[in-house]
Structures are given as structure tokens and as C-alpha cells.
């Protein structure tokens with residue numbers, strides 16, 4: 001069975017939005033190698049609509065600057081949960097309707113292929129956790145305080161809670177800690 005692995009950048013104060021504004025100083029060779037290993041160990045990418053829109057706009061133009069990482073991002077299967085996306089234009093993209101998301105994603109986990117990678121933590125991630133579909137949560141904890149973010153740009157949400165167990169940690173020279181969690185037993 002395939003695993004779903006969520007990889008999310010987070011500040012010390014829980015902000016996850018606009019990571020491009022506060023993570024680049026910490027993304028050095030170690031982090032790049034870790035990110036590449038994770039990407040290449042997976043066989044598909046799962047996203048919500050906001051992540052899809054950002055990635056579909058950015059990644060097609062990034063192959064030259066990011067090499068095989070960019071090629072991989074653009075060519076492996078993408079699954080996007082959206083009720084409004086009709087004609088995805090980025091690579092091999094399949095749209096999953098929100099009402100069918102839990103069942104369809106459970107089916108994806110049963111299919112052959114590498115694990116499924118998800119970037120960012122939002123409504124789709126919460127659906128995965130609520131239905132027992134998220135296998136790993138990898139939080140890239142950055143040693144920076146970003147300041148108050150909008151509620152949807154924070155790791156937590158008012159109507160959501162879950163418990164996790166620490167499975168592994170990786171520390172980079174820049175002070176970034178990747179904490180890998182698995183859902184705690186009920």
C-alpha cells in the first residue's frame with residue numbers, strides 16, 4: 001500500500017503561508033538533497049486547489065533552473081482536490097471532487113506505484129487526517145518568527161485537532177529541523 005507523506009514548511013510561530021518569503025535563507029545543500037530524495041521516492045503529487053494553482057504557474061518555467069527536480073515536478077502524476085477546476089493544464093493532472101476526496105484518495109493508496117507526496121497543510125490535509133489517510137507529516141521547522149498570519153495560513157485550525165507521534169528527526173546546519181510524525185494510535 002502506498003503512503004501519503006505531507007511535507008510542510010512551518011515557522012516557529014506556526015505560520016505556513018507564503019513560505020517563499022521566509023524559507024529561502026535556510027534552503028541550502030542539505031535541504032535540497034533531502035527534498036530531492038523525498039520527491040524522487042514518491043510516485044505522485046496530491047494537492048489542494050491553491051497549491052495546484054501556484055505550482056502549475058511556477059513549475060513549468062523552473063525546469064532549467066532546478067534540473068531533474070523540476071522535470072520530476074512537471075512530469076509525474078498530479079492529483080488535485082477541487083470543485084471548480086475543470087481543465088487542468090499542468091502535466092498529468094487528475095481532478096478529484098471534494099465530496100469524493102476521501103474515497104478516491106483511499107483508492108489511490110491501494111494502487112501500485114510510489115508513495116504520494118503532498119506539500120502544505122490545508123483543507124485537503126485535514127480531510128486526510130480525519131479519514132486516517134495521512135501516513136506521515138514532515139514539518140520543516142524553520143528558526144524564524146514570521147508574525148501573525150491569517151487563520152488559514154496557520155498550521156492549526158479552530159475546528160481541527162489530531163495527535164501525532166514523533167517517528168524521526170533530521171537537522172540541517174541552518175537550524176531547520178524536519179520532524180517526521182505519524183498519527184498517534186487512538
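Numbering (full-length UniProt numbering), first residue to last: 1 to 186. Where is the CB? At the ideal position from N, CA and C, for every residue including glycine. Predicted model only: the values in this text are computed from it and were never measured.
Boundaries of the alpha helix (DSSP H) in which residue i is found, first to last residue
i: residue 124; result: 123-130
i: residue 63; result: 63-66
i: residue 25; result: No alpha helix (DSSP H) contains residue 25, which DSSP labels as neither H nor E.
i: residue 105; result: 101-110
Beta-bridge pairing of residue i - partner residues as DSSP gives them
i: residue 136; result: 5
i: residue 165; result: 182
i: residue 95; result: 80
i: residue 11; result: 142
i: residue 170; result: 178
Enclosing beta strand (DSSP E) for residue i [first to last residue]
i: residue 183; result: 177-183
i: residue 43; result: 42-48
i: residue 117; result: 115-119
Expected contact under 8 Å - CB spacing of residue i and residue j to nearest Å
i: residue 80; j: residue 101; result: At roughly 10 Å, the Cβ-Cβ gap does not stay under 8 Å, so residue 80 and residue 101 are not in contact.
i: residue 95; j: residue 85; result: 5 Å
i: residue 70; j: residue 62; result: 5 Å
i: residue 44; j: residue 113; result: 7 Å
i: residue 34; j: residue 170; result: 6 Å
i: residue 129; j: residue 162; result: 5 Å
Beta-carbon contacts of residue i that lie in its chain and below 7 Å, excluding the five residues immediately before and after
i: residue 16; result: 8, 9, 10, 120, 121, 153, 154 and 155
i: residue 51; result: 119 and 120
i: residue 42; result: 5, 114, 115, 116 and 117
Spatially closest choice to residue i from the options, by CA coordinates
i: residue 118; options: 133, 146, 144 and 71; result: 133
i: residue 139; options: 21, 38 and 25; result: 38
i: residue 47; options: 78, 13, 88 and 159; result: 78
i: residue 66; options: 99, 32, 93 and 42; result: 32
i: residue 90; options: 148, 130, 59 and 105; result: 59
i: residue 98; options: 126, 116, 73 and 137; result: 126
i: residue 168; options: 73, 162, 181 and 175; result: 181
i: residue 57; options: 42, 165 and 73; result: 73
i: residue 26; options: 177, 68, 128 and 6; result: 177
i: residue 173; options: 88, 64, 143 and 1; result: 143
Cβ shell of residue i (< 8 Å), same chain only, five flanking positions each side left out
i: residue 49; result: 80, 81, 82, 84 and 85
i: residue 187; result: A question about residue 187 goes unanswered here, because the residues of the chain that appear run from 1 up to 186.
Spatial neighbours of residue i in its chain, beta-carbon cut-off 6 Å, leaving aside the 5 residues before and after
i: residue 135; result: 3 and 4
i: residue 12; result: 145
Interface flag, residue i vs chain C, CB-CB below 9 Å
i: residue 27; result: Chain labels in this structure do not include chain C; a single protein chain is all it has.
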